[in-house]
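Notes to accompany the following structure.
Residue numbers (this note's numbering): 7 to 78.
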């Protein structure tokens with residue numbers, strides 16, 4: 007299976023969650039969300055290829071859920 011790119015994952019975020027202002031970005035040895043999702047935990051893996059695209063989508067959905075719970 008092809009490794010997803012940050013561009014494709016960020017396009018998924020913008021398309022699926024247009025009201026949330028965030029991007030997935032690479033830190034040093036991990037990935038994290040910016041802006042609106044800055045309050046959620048980082049994804050502690052060093053490379054995109056360590057997760058399938060489906061697993062990344064699950065992580066994104068989990069982060070959005072956690073963010074929404076914090077807003078209640």
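Yeah, the Cβ is synthetic: ideal placement off N, Cα and C, and Gly gets one too.
Values in this document were obtained by computation on a predicted structure and should not be read as measured data.
*residue 10: buried (16+ other C-beta within 10 angstroms of its C-beta) or exposed?*
buried
_Length of the line joining the Cα atoms of residue 45 and residue 20_ = 18 angstroms
_Cutoff 7 angstroms; reference residue 69; Cβ partners in own chain excluding five residues on either side_ = 39, 43, 46
*Whose C-beta lies closer than 7 angstroms to the C-beta of residue 123 among residues of the same chain, with five residues either side of it excluded?*
Nothing about residue 123 can be read from this structure; the chain reaches only from 7 to 78.
*Work out the CA separation of residue 23 and residue 50 for me, nearest whole Å.*
22 angstroms
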